Amino acid sequence: MTQRSSRDSSEPSSAQGDLADIEFTDADILEAMREIPGYLDISTMDFRAIYRLAHRHALDRLFSGITAGRLMRREVNPLTPEISLAEAIPSFVHQGLKSLPVVDGQQQVLGILTETDVLRWLGAETFLGLLARVITDEPWIKSDPYHRAVGEFMTSPVVSVPLDAGLRELLAAFASHPGRAMPVLAADGRLAGLLQRKVFLAAYHPDRRS
Amino acid sequence: MRLHGDRLSDYLSKMRGSVYGSPPRVSLPEVLWSWAGAFLGIAAVAWLNQWFFVGTDLTLAIGSLGASAVLVFGAVRSPLAQPRNLIGGHVLSALVGVTCWQWLGGEPWLAQAVAVATAIALMHLTRTLHPPGGATALIAVIGSDQVHAMGYLFVLLPATLGPLVLLVVALLFNNLPAARRYPEFWL
Numbered sequence: 001m002t003q004r005s006s007r008d009s010s011e012p013s014s015a016q017g018d019l020a021d022i023e024f025t026d027a028d029i030l031e032a033m034r035e036i037p038g039y040l041d042i043s044t045m046d047f048r049a050i051y052r053l054a055h056r057h058a059l060d061r062l063f064s065g066i067t068a069g070r071l072m073r074r075e076v077n078p079l080t081p082e083i084s085l086a087e088a089i090p091s092f093v094h095q096g097l098k099s100l101p102v103v104d105g106q107q108q109v110l111g112i113l114t115e116t117d118v119l120r121w122l123g124a125e126t127f128l129g130l131l132a133r134v135i136t137d138e139p140w141i142k143s144d145p146y147h148r149a150v151g152e153f154m155t156s157p158v159v160s161v162p163l164d165a166g167l168r169e170l171l172a173a174f175a176s177h178p179g180r181a182m183p184v185l186a187a188d189g190r191l192a193g194l195l196q197r198k199v200f201l202a203a204y205h206p207d208r209r210s
Numbered sequence: 001m002r003l004h005g006d007r008l009s010d011y012l013s014k015m016r017g018s019v020y021g022s023p024p025r026v027s028l029p030e031v032l033w034s035w036a037g038a039f040l041g042i043a044a045v046a047w048l049n050q051w052f053f054v055g056t057d058l059t060l061a062i063g064s065l066g067a068s069a070v071l072v073f074g075a076v077r078s079p080l081a082q083p084r085n086l087i088g089g090h091v092l093s094a095l096v097g098v099t100c101w102q103w104l105g106g107e108p109w110l111a112q113a114v115a116v117a118t119a120i121a122l123m124h125l126t127r128t129l130h131p132p133g134g135a136t137a138l139i140a141v142i143g144s145d146q147v148h149a150m151g152y153l154f155v156l157l158p159a160t161l162g163p164l165v166l167l168v169v170a171l172l173f174n175n176l177p178a179a180r181r182y183p184e185f186w187l
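Listed in order, the protein sequences are those of chains A and B. For the first sequence, full-length UniProt numbering begins at 1 and goes up steadily by one. For the second sequence, full-length UniProt numbering begins at 1 and goes up steadily by one.
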């Protein structure tokens, strides 16, 4: 029911590739060497090779401590597929979340129910679209789906990540779908927590790291 | 044999060098500092040699110290010029050279080749790579009769004391100019 994000970390994501590939011209390097008094017995190729590798090591070091497991929110009460939307919606409100994982009795993730899923069921693509219809007071909101089961509306399969997923894997996973949160799975496939995109972005912002 | 042809052209193209050229020329003050440092360093070695060792069976001045002066005063920042390399490279290479002369002296070409090659390998392994060490190893084999007669004393006298004198001068001199410092590391 869940699909793991691809773990192809040998292929750096384009965003990080750009970071690592600040290209120096030989004129840049030679000018820098000229500014340092004394003879430097390295070639411009040496410098380029060292810079490239050191930059990669620095990125890995900066971000090595951060994994999905450390960023995720553990206190998440997931939904189950058989409960009704009427029961599910207060759960969103209480937890202050816009998406909630849906699990079976063994805590295996079946899908995710998002605000967008609910809106779509109401016939609106966005909250503003819904608002416009409510304001014009069209008598179109039907109450019967309100008592239908979560399993009918959830997004499934859902992209999830393992506890130890790092920068590259998380970037690739978030880029692969429009969702604002992803379930984080323990090694046995059970739900471990929920990783929110905003938390991920904040953690990897270089200027906000000590 | 297409693959073979590609490999050959790769191999030959390496000989053209990269397009990037050599490091820039240092400034004129830098040239003068290098000159003055090397002058003082070699003067110290030659002066000590002249006053204490000329006329004895011993010598302090060996050609490879000139090469060390290039590094210690002309490429101060280079890892090759640091104290660990300066002293370690000469001492290890002299040991190898004297040993090769004593064991393989009957076959001079072999003794010379083994001495230099082994000195390089040993310097690599001990992180003491110092190019003049290769010269020291070669001198121990080619020698003069005086060098040969010194035996393992060659390790102590020119090959340890000579670089030590250069080291002292380099410490005192290379830290005078604002733009220089020595060493980058000791061990």
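Ideal Cβ positions, reconstructed from N, Cα and C, are used throughout, including at glycine. Please read these numbers as outputs of a predicted model, since none were measured by experiment.
Min CB distance residue i to chain A below 7 Å
{"i": "S18 (chain B)", "result": "yes"}
{"i": "R127 (chain B)", "result": "no"}
{"i": "A67 (chain B)", "result": "no"}
{"i": "A179 (chain B)", "result": "yes"}
{"i": "Q146 (chain B)", "result": "no"}
Within-7 Å CB hit, residue i to chain B
{"i": "R34 (chain A)", "result": "yes"}
{"i": "D164 (chain A)", "result": "no"}
{"i": "L128 (chain A)", "result": "no"}
DSSP-derived helix/strand/coil call for residue i
{"i": "I36 (chain A)", "result": "coil"}
{"i": "F114 (chain A)", "result": "With the sequence shown as reference, residue 114 (chain A) is identified as Thr, and Phe is not the correct amino acid for it. In the structure shown, T114 (chain A) sits in a strand (DSSP, three-state: E or B)."}
{"i": "R181 (chain B)", "result": "coil"}
{"i": "R70 (chain A)", "result": "helix"}
{"i": "M45 (chain A)", "result": "helix"}
{"i": "M15 (chain B)", "result": "coil"}
{"i": "L58 (chain B)", "result": "coil"}
{"i": "A181 (chain A)", "result": "strand"}
{"i": "G193 (chain A)", "result": "strand"}
{"i": "E31 (chain A)", "result": "helix"}
{"i": "P23 (chain B)", "result": "coil"}
{"i": "H57 (chain A)", "result": "helix"}
{"i": "F53 (chain B)", "result": "coil"}
{"i": "residue 211 (chain A)", "result": "Residue 211 (chain A) lies beyond the stretch modelled for chain A, which goes from 1 to 210, so this question has no answer here."}
{"i": "N174 (chain B)", "result": "helix"}
{"i": "A186 (chain A)", "result": "coil"}
{"i": "Y152 (chain B)", "result": "coil"}
{"i": "G65 (chain A)", "result": "coil"}
{"i": "L32 (chain B)", "result": "helix"}
{"i": "Y204 (chain A)", "result": "coil"}
Cross-chain neighbours of residue i in chain B, by beta carbon under 7 Å
{"i": "L30 (chain A)", "result": "P24"}
Listed by chain order, chain A residues near residue i by CB distance under 9 Å
{"i": "R77 (chain B)", "result": "I36, G38, Y39, L40, D41"}
Proximal chain A residues relative to residue i, where beta-carbon distance stays under 7 Å
{"i": "G74 (chain B)", "result": "Y39"}
Proximity test, residue i beta-carbon vs the ligand MN heavy atom, cut-off 6 Å
{"i": "R190 (chain A)", "result": "Absence of the ligand MN from the depicted structure is noted, as is the absence of any ligand whatsoever, leaving it without description."}
_Can you pull out the residues from the stretch 57-73 of chain A whose beta carbon lies closer than 9 Å to at least one beta carbon of chain B?_
none
*Which residues, in order along the stretch 26-50 of chain B, keep a beta-carbon less than 9 Å from a beta-carbon of chain D?*
Within the model displayed, chain D is absent; protein chains A and B are what it includes.
*Tell me the start and end of each unbroken beta strand (DSSP E) in the stretch 129-176 of chain A that is at least 3 residues and wholly inside, in chain order.*
158-162, all fully within the stretch 129-176 of chain A.
*Where are the alpha helix (DSSP H) runs, 4 residues long or more, that stay fully inside the stretch 76-145 of chain B, in chain order?*
83-104, 108-125, 131-142
*At what residue ranges does the UniProt domain "CBS" (72-128) of chain A contain a whole run of the alpha helix (DSSP H), taking only runs of 4 or more?*
85-95, 115-121
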